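To start, the structure itself, in structure tokens.
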Amino acid sequence: MFDISKLFTVMGTALIAVLILFTSLLVVAGGRLRPPADFACEPNHMTSWTGVLVFYWRDASQLGFTIDTDDGTQESLITPYSLNKLLINGEHFTYEDWSKVESEVGLLKPMTRARIWLCDNDGNATLIDWQIGTFL
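Start counting the sequence shown at 1; every next residue gets the next number (UniProt numbering).
Here it is in structure tokens:
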């Protein structure tokens, strides 16, 4: 005969294991976010900003913005960029993805969110992860 209580015990244990795994993928010790795998920077030299971009521009080689962070600060940066320094929802960014971020070239769509990864010992180590259609 089938014991339904054992099924619930197994399902509960599996759910807890999945939640622990998911949490460990997002956060490292000390409550810090885990950076993308291809972001080369020592943990003690990195920081990230997450929030809504309130000012933005770009040309062929540079991108500038001001971000109102979820932590209540306002940060600004001008940085060189290339498509390999951009992500969209954690995935590789392609030229076609600009239409998801901008209403026209150089004009950001309203309420666009991003997570910016910075490395303080290398000014060129900046990664922008556009958060489109997500709530962080």
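Beta carbons are placed, not taken as given, at the ideal position from N, Cα and C, and that holds for glycine.
Remember, predicted model here, so these are calculated numbers, not experimental data.
- By the criterion of a C-beta distance shorter than 6 Å, Val54 is surrounded in its chain by Thr66, Asp68, once the five residues flanking it on both sides are discounted.
- Taking every protein chain shown into account, the CB of Leu63 has 16 or more other CB atoms within 10 angstroms, so this residue is buried.
- Where Ser76 is concerned, there is no enclosing alpha helix (DSSP H), although the beta strand (DSSP E) around it starts and stops at 74-80.
- Cβ-Cβ distances below 6 Å link Trp130 to Ile88, Val101, Ala114 in the same chain, with the five nearest sequence neighbours on each side left out; the list follows chain order.
- In this structure, the straight-line span from the alpha carbon of Tyr95 to that of Asn84 is close to 11 Å.
- Here Ser99 has no same chain residue with a Cβ atom under 6 Å from its own Cβ, once five neighbours each way along the sequence are excluded.
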